[in-house]
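Beneath this line is the structure, given in C-alpha cells, with notes to follow.
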Ligand SMILES: [Zn+2]
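Residue numbers (the working numbering): 2 to 140.
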C-alpha cells in the first residue's frame with residue numbers, strides 16, 4: 002500500500018473532531034476503516050493509558066471488538082487516530098515508538114490553538130506526511 006494521500010468522508014472527519022473535543026483534556030483514540038483506500042467508518046476506543054492527557058493506549062477489549070466489526074463488514078483497517086489536546090498535530094516520540102502498524106495511516110487531531118487534523122505514515126522512525134482528501138458521505 003503506497004500513496005501520499007488518503008480519502009476520508011466528511012462525516013468521519015467530523016466524528017473524530019467531536020470525539021477529540023469530548024475527551025478533552027484527555028487524548029481520544031480509535032480506528033478508521035473502509036474499502037479501496039477510502040475511509041468511511043469510525044470506531045472510537047477507550048484510552049487506557051496511565052497518563053491519558055499526553056498518551057494513548059487503546060483498550061485491548063475495544064480494539065478486538067472493533068477489528069472484528071471491521072472484518073465482518075468486509076472492510077480493511079486503514080487508519081488509527083488519536084488527539085493532541087494541547088500539542089500540535091505531529092507524532093510525539095511515544096507515538097512513533099508505539100506505531101506498530103506501518104501499513105496504517107496515523108491521524109492526529111490537535112485542539113490548540115484550533116482544531117487541526119493531519120495524517121502520517123510512520124515506519125520505524127520515519128514520519129511521512131499524508132494528504133487528507135475529503136469526499137462526500139455518500140459511499
Ligand atoms: Zn500523540
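The C-beta atom is built at its ideal place from N, Cα and C for all residues, glycine as well.
query                                                                                                                 : result
Which listed residue (118, 48, 70) has its alpha carbon closest to that of residue 60                                 : 48
Same chain, Cβ closer than 8 Å to residue 109, five either side skipped, listed in chain order                        : 82, 83, 84, 85, 90, 91, 92, 96, 118, 119, 120, 121
Straight-line gap, residue 132 to residue 6 (C-alpha atoms, nearest Å)                                                : 4 Å
First and last residue of the uninterrupted beta strand (DSSP E) at residue 77                                        : 77 to 85
Nearest candidate by alpha-carbon position, reference residue 80, set 29, 98, 38                                      : 38
Residue 111 - DSSP class collapsed to helix/strand/coil                                                               : strand
DSSP-derived helix/strand/coil call for residue 34                                                                    : strand
Distance between residue 71 and residue 2 (C-alpha atoms, nearest Å)                                                  : Here residue 2 scores only 46 on pLDDT, less than 50, and its place in the model should not be relied on; the value that follows carries that caveat. Cα to Cα, the separation comes out at about 18 Å.
Host beta strand (DSSP E) of residue 127 (start-end)                                                                  : 127 to 136
Sub-8 Å separation of residue 64 and residue 46 beta-carbons                                                          : yes
Sub-8 Å separation of residue 31 and residue 76 beta-carbons                                                          : no
Spatial neighbours of residue 12 in its chain, beta-carbon cut-off 6 Å, leaving aside the 5 residues before and after : 138
Pick from 41, 124, 26 that is closest to residue 16, judged by C-alpha positions                                      : 41
Through-space distance from residue 101 to residue 113, alpha-carbon basis                                            : 27 Å
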